[in-house]
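J.: If you read the sequence shown in my numbering, its first letter stands for residue 42, the second for the next number, and so on.
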Amino acid sequence: MSNIRTNYEKWYEGDSYYWGTEPADFCDELISLCPPSCEKKVLDIGCGEGKDAVYMASKGYKVTAFDLTENGIRKTIRLAKENGVEINAYVDDINTFETDEQFDIVYSTGTIQYLFDENKKLFFEKISRITRKNGFVFFNVFVEKPFLELPPDWDIEEKMWRSGELFSFFPDWKFIRIDETIFEDNSNGIPHYHCMDTIICKKII
Ligand SMILES: C[S@@+](CC[C@H](N)C(=O)[O-])C[C@H]1O[C@@H](n2cnc3c(N)ncnc32)[C@H](O)[C@@H]1O
42 MSNIRTNYEK
52 WYEGDSYYWG
62 TEPADFCDEL
72 ISLCPPSCEK
82 KVLDIGCGEG
92 KDAVYMASKG
102 YKVTAFDLTE
112 NGIRKTIRLA
122 KENGVEINAY
132 VDDINTFETD
142 EQFDIVYSTG
152 TIQYLFDENK
162 KLFFEKISRI
172 TRKNGFVFFN
182 VFVEKPFLEL
192 PPDWDIEEKM
202 WRSGELFSFF
212 PDWKFIRIDE
222 TIFEDNSNGI
232 PHYHCMDTII
242 CKKII
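1) Quick one: residues in its chain with C-beta nearer than 6 Å to the C-beta of residue 218, no 5 flanking neighbours on either side, listed in chain order?
2) Spatial neighbours of residue 58 within its chain, please: C-beta separation below 6 Å, excluding the five flanking residues on both sides.
3) Go ahead and pull the three-state DSSP assignment for residue 221.
4) Alpha carbon to alpha carbon, what distance is there between residue 207 and residue 186?
5) For ligand 1, I want to know if residue 195 counts as a neighbour, meaning its beta carbon is within less than 7 Å of at least one of the ligand's heavy atoms.
6) Start and end of the alpha helix (DSSP H) containing residue 49?
7) Do residue 227 and residue 194 have their CB atoms nearer than 8 Å?
8) From residue 116 to residue 192, what distance separates their C-alpha atoms?
9) Take residue 110 as the anchor and find which of 201, 224, 196 and 50 has the nearest alpha-carbon.
10) What did DSSP end up calling residue 113 once you bin it into helix, strand or coil?
Written as structure tokens, this is what we have:
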């Protein structure tokens, strides 16, 4: 595994769930803004071990999810089976993924910072293309602050974004919520802080 691109491949080894199986609060915001039905399609970009994707499928959305890690996708498929839901889950790269489908909701948490600089413009054009009219984007990204240290579990290809940068890619969308928060995290056993920008927006035109 010398060409490994993300440490998550080894952090997701074994049977336990690195991130647990409880969905993020972000999912409940998504459900209240765009209530589920079997017609509504969700794309989860960087789904990890599938906790949010499986939760959304259990609420009735038709879910597609991808992550760079084989172990993450193996567990996403297992978690879906354990919960009696179906998900279209596969290994893919946020930098190069392609799809012919359109989605009512495009969702990504904790993953956008893996986009290489040279792919950002094309990525957001793609997001606009694959989101249906009146569909929603739910995204967050880690942001650099001069007074915060780099987190101890910072990954190989992660790159901090500039404060507010994420919002600048959606000038023609209706903003439902944008914010920036600093929070404590203990994901690898060492308490540390993150700054995160979040956007929820709707494609009107
Ligand atoms: C902080 S975790 C978030 C996982 C999941 N969204 C969650 O909230 O549990 C970041 C995820 O990005 C994935 N990742 C890293 N590089 C990626 C890439 N180039 N394309 C897609 N996913 C990537 C990692 O494997 C990991 O699952």
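Idealized CB from N, CA, C, for every residue including glycine.
T.: On the basis of the supplied data:
1) Your numbering for residue 218 matches position 177 in the sequence shown. The residues are 241.
2) Numbered from 1 along the sequence shown, position 17 holds the residue referred to as residue 58. Hits under 6 Å: 90.
3) Translated into positions along the sequence shown, residue 221 becomes position 180. Note: residue 221 maps to strand in three-state DSSP.
4) Against the sequence shown, residue 186 aligns to sequence position 145. Against the sequence shown, residue 207 aligns to sequence position 166. About 15 Å.
5) The residue labelled residue 195 in the question sits at position 154 within the sequence shown. In terms of side-chain proximity, the C-beta atom of residue 195 is found no nearer than 7 Å to any non-hydrogen atom of ligand 1.
6) Working through the sequence shown from its first residue, we reach residue 49 at position 8. Where residue 49 is concerned, the enclosing alpha helix (DSSP H) stretches over 49-52.
7) Locating residue 227 in the sequence shown gives position 186, counting from the first residue. Locating residue 194 in the sequence shown gives position 153, counting from the first residue. Not closer than 8 Å, so no.
8) Translated into the one-based positions of the sequence shown, residue 116 becomes position 75. Translated into the one-based positions of the sequence shown, residue 192 becomes position 151. Going from the Cα of residue 116 to the Cα of residue 192 covers about 25 Å.
9) The residue you call residue 110 lines up with position 69 of the sequence shown. For the residues 201, 224, 196 and 50, the minimum Cα distance to residue 110 belongs to 50.
10) The residue labelled residue 113 in the question sits at position 72 within the sequence shown. Three-state DSSP puts residue 113 in a helix.
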